[in-house]
Every structure is written in structure tokens, then in C-alpha cells.
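J.: In the numbering used here, the protein residues as written are 280 to 694. Just so it is clear, CB atoms sit at the ideal spot from N, CA and C, and this is done for glycine as well. Remember, predicted model here, so these are calculated numbers, not experimental data. First, the structure itself, so that you have it in front of you.
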Amino acid sequence: MTRAHLYTFTRSEELMDRARKVIPSGIYGHQSPTMLTFGAYPKFLARGQGCRIWDVDGNEYIDFMCSYGPIVLGHHHPKVEEAAMAQHAQADCQNFPSEKWVELAELLVSITPAADWAVFAKNGSDVTSWALAVARAYTGRDKVIMAQGAYHGTHPWCVPIPTGIPAAERALVATFQYNDLESLKRVVAENKGQVAAIIVNAFRHDLLHDEEMPAPGFLEGVRALCDQEGIVLVIDDVRAGFRLNLGGSWEPYGVRPDLICYCKAIANGYPLAAGLGREELRRMAESVFFTGSYWTAAVPMAASIATINTLREEDGIEHMRRMGQRFRDGMDQQARSLGIEITQSGPPAIPFLTFKKDAGFERSRLFCGEAARRGVFLHPHHNWFLMTAHTERDIDQALGATDEAFKVVKEQFGG
Ligand code: PMP
């Protein structure tokens, strides 16, 4: 595609002008346009099908953000839509849960070696905060430890920008450096006998940072420390769950957490979160008050069952890994041939790319903006996602756009 074909966003801008008048910031939170390259992205989307999305101006993109994680099979996936619509024809939000409540819990427990039971909610933040409550009830302790810079949601204890949050809300949270077991041991020792939970992301995927997989021995060390000190180990698998391993993202490491937090990919875009736990914590899970107006709704649960079964039947995890690797290999070669130094990090199904010598992320913003204007939706600051709908042809088409985007970076920055 030549520069003559670059996208324009007239309708998006009109909607944004209207939004700003009636909605603070127009669009807020992680989808705020301030997070993206100015002038290169739409602000509103119209529809999605498979790995393609269309904005309100009719521009088409190959989607590598997957709605920031939830879309794992593809937009509007026929099997998921069929299951959701069949449930919808019966009922969604009722006085009691539907049969799907039981069926989904049985399915999750059957595929998750670390878990004996499951609870449901709507957002990732619901279940990360719930996990801490269960851990506190179980241990009779108040403090919790998380990795510095990790994201666990928007509740007061962890929201990354604490505007409007009293300091007292954060006083019980201590931090350590991800992959640095000594720093964790130090924090535990400083809070000896007071730590209820250690909560850790499946791997390090902080904003504006290369991803880091668990270092050899790190997860085992965290597990041993928790066992030794009577601390509950929580994996926040909200972002990585159902993309790396169907039984939980730490299963390949042979490390089992006490509580698992899921959301995002669990229902291919339908609103659902789940907390899973091991038998010993069941009684405390029964004692923690946990509920919400929509938490028993049946349509997302039907969608979730169809999503998980389809991932399993089609070996979706391996497909995403292969497509992610193809994308990564292609970009590696493109950057190398232009003499541009990049870092590609994380698992292939949840990849991220940064430029060396790019402290201010200017190269990243230019690169992702140029890709967006050529129909490939990446993000300059946040990790990307693969979905099973990505085919080799889609990846190769996306590589056509990244090749041109790298060339623009070369032109402007010289490498
Ligand atoms: N934990 C992680 C690792 C996440 O990525 C997110 C969402 N980005 C959350 C928790 C919070 O989930 P939600 O936005 O659904 O509350």
C-alpha cells in the first residue's frame, strides 16, 4: 500500500468532539486516544469479523490488540455467537444462575490442575481484589505484596494512577522487583508474619516495558517462600490466561498457585471473570461476601464454555504461538535488513516490540502509527495479542505494512 492510501478519520473525530461534551475526556482509561500515536488511529470502531476490524470511517485493520485481550478466537466467532444466542433466547440475567454456572465451573475445574472450585464475576479487578480478601480471611493477616509496576486493575489498592485514592488504601501493599527473588524475600522478612498474599502476573507485561518471562527458578522460589511463610500465592492470569496454556499459565513451569484470577480471553469478548482456588481455601471463599448485579448472567457463561471448548478442539494455543512466531520472525528480518535495532519480548502469542535507543518511545509511536495507517492495529506502549483467527496470510499481509512502517522509522530516525 502506498502513502496515497493512508487512512483518514473524519467520522471518528466528529464523534470525539461530541463525546468530549458529554463524557469526561471523551474516552477514558486504557482506550484513551492519548495512549496512541496522534492522528494515526481511529477513535471509534464499527464492527469486527475474524481478525479484521473496521472503524466508523470504514477503514479496515488486521487486529493485533484483540480488544486488549478478550478476543481470542476472532471477532464474532460463529461457535461462540451460536452458543451465546441460544442462551440469549432462553434468558441472561435472572433471580438465580442458569445451568451454565455449574457447567462452566465444572469445565474450568476439569482443565485446571491447580484448582478445585471456581467463582465468577465480571472484571479482572473484581477477582484480583477478591483473591486478596480470600487470602486475608485465610491467613488472618493484612499485608499483600505485588511486583513494582505490575498491573492488577483499577481498585484502590492497585490503580496505577492513585488520583482520588487515600494513602491509607495503599498502606497495606508492599512491592518487590519482578524476577528478583532476593528483593521479594527482603520484603517478606520486613513484614514477617503479616503477609497474607503475594500476587504475581503470569509473566511481566508492564506498560512501556519489554516483557519478561519468569527467570529460571523464580516461580519455584516464590512458591517455596509462600509455603515456608504461610502466604497465599495468587497468579493474576487476567491478561495471559487462555493464550499460553488452558490449564493456567504457570502449568508449563510446574508451579501451582493457590488462587487463579481469569478474565479477558475466558469468553471471547463477553463480560466474565473467574477466580479459581484449591480445596484448602474453599471455606474462606465461602465466607468472603462476593457478588454483583450481573455476575450470574448466563450468556457470557455459555460464550465461555464455547470459547474454551473451541480453543481445546482446534489447538488454538499452538496456532497462536505459531502465528505470533511468524510475525516476530518476519519483523526481526525486516528490522535487521534495515539496520534498525529492536527488541521483541514475551511469548509469541502476547508479543511486544520496542526500539533500542528509544527512551521516549518516539520510534514506537511512529512505527505503530504508520502500521495503523496501513491497516495493522498495533500499540506503541502496550503488549499486543494474537488470536486464533490470524492465518499465515493475515500475518504476511501485516508484515507488508510493518515493512513500510520500519522504512519510515529509518527515514526519520536513521535506525
Ligand atoms: N490484571 C491484569 C494482568 C490485567 O491485564 C487487567 C486488565 N488489563 C486487570 C487485572 C484488570 O482487569 P479489568 O480491567 O477487567 O478490571
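1. Round the Cβ separation of G679 and I619 to the nearest angstrom and send it over; I've been treating them as touching at under 8 Å.
2. Tell me whether the beta-carbon of G353 lies closer than 8 Å to the beta-carbon of G329.
3. Which runs of the beta strand (DSSP E) spanning at least 3 residues fall entirely within the segment 599-659, listed in chain order?
4. What I want to know is whether the C-beta of S643 ends up closer than 7 Å to one or more non-hydrogen atoms of ligand 1.
5. Is the closest heavy atom of ligand 1 to the C-beta of G403 under 7 Å?
6. If contacts are defined as beta-carbon pairs under 8 Å, then T586 and V359 qualify, I think. What distance do you get, rounded to the angstrom?
7. Is it right to say S537 is buried, meaning 16 or more other beta carbons lie within 10 angstroms of its own, or is it exposed?
8. Just checking R518 against ligand 1 - is the residue's beta carbon closer than 7 Å to any of the ligand's heavy atoms?
9. Between A412 and the rest of its own chain, which residues show a CB-CB distance below 7 Å, the 5 nearest in sequence each way excluded?
10. Would you check if the distance between the CB atom of R502 and the CB atom of K543 is smaller than 8 Å?
11. What first and last residue would you give for the alpha helix (DSSP H) that runs through C542?
12. Going by other Cβ atoms of all chains shown within 10 Å of its Cβ, with 16 needed for buried, is L487 buried or exposed?
13. Starting from T454, follow its DSSP beta bridges and name the residues at the other end.
14. Is DSSP giving I444 helix, strand or coil here?
15. According to DSSP, what are the bridge partners of A553?
16. Beta-carbon within less than 7 Å of E448's beta-carbon, same chain only, minus the 5 sequence neighbours each way: which residues are those?
17. Which of the three DSSP states, helix, strand or coil, is assigned to E593?
18. Would you report the Cα separation of P441 and G520, rounded to the nearest angstrom?
19. Looking at F569: is its Cβ nearer than 8 Å to the Cβ of V398?
20. On the criterion of 16 or more Cβ atoms from any shown chain inside 10 Å, does P349 qualify as buried, or is it exposed?
21. Please report how far the alpha carbon of N374 lies from the alpha carbon of W663, in whole angstroms.
22. Please say whether G648 and A319 have beta carbons closer to each other than 8 Å?
23. Tell me which residues share the same chain as E490 and place their Cβ nearer than 7 Å to its Cβ, disregarding the 5 neighbours each side in the sequence.
24. Spatial neighbours of T313 within its chain, please: CB distance less than 6 Å, with the 5 preceding and 5 following residues excluded, ordered by chain position.
25. When you measure from the CB of C372 to every non-hydrogen atom of ligand 1, does any distance come out below 7 Å?
26. Is there at least one non-hydrogen atom of ligand 1 closer than 7 Å to the beta-carbon of C647?
27. From the DSSP output, in three-state form, read off G327 for me.
28. Within the same chain, show all residues whose beta-carbon is closer than 6 Å to that of S408, passing over the 5 residues directly before and after it, in chain order.
29. Mapping DSSP to helix, strand and coil, what is E361?
30. Would D515 be called buried (16 or more neighbouring beta carbons within 10 Å of its own) or exposed?
31. Write down every uninterrupted run of the beta strand (DSSP E) in the segment 467-515 whose length is 3 residues or greater and which is fully enclosed by it, in chain order.
32. Tell me the rounded alpha-carbon separation between D675 and F606.
33. So, does the CB of L352 fall closer than 8 Å to a CB anywhere in chain B?
34. Among the candidates T391, G595, A426, A400, whose CA atom is the shortest distance from the CA of P531?
35. Can you round the beta-carbon distance between E499 and V534 to whole angstroms, since I take them to be within the 8 Å contact cut?
T.: With the structure as the only source:
1. Actually they do not touch by this definition, with Cβ atoms about 17 Å apart.
2. yes
3. 621-624, 631-634
4. no
5. yes
6. 6 Å
7. First, the residue type needs correcting, since residue 537 is Asp and not Ser in the sequence shown. By the neighbour-count rule (16 or more Cβ atoms within 10 Å), D537 is buried.
8. yes
9. V567
10. no
11. It is not in any alpha helix (DSSP H) - C542 carries neither H nor E in the DSSP assignment.
12. exposed
13. M425
14. coil
15. F399, Y541
16. P435, W436
17. coil
18. 27 Å
19. yes
20. buried
21. 38 Å
22. yes
23. F482, R483, H484, S624, G625, F631, N662
24. none
25. no
26. no
27. strand
28. H434
29. helix
30. buried
31. 474-480, 511-515
32. 8 Å
33. Included in the structure is just one protein chain, with no chain B present.
34. T391
35. 6 Å
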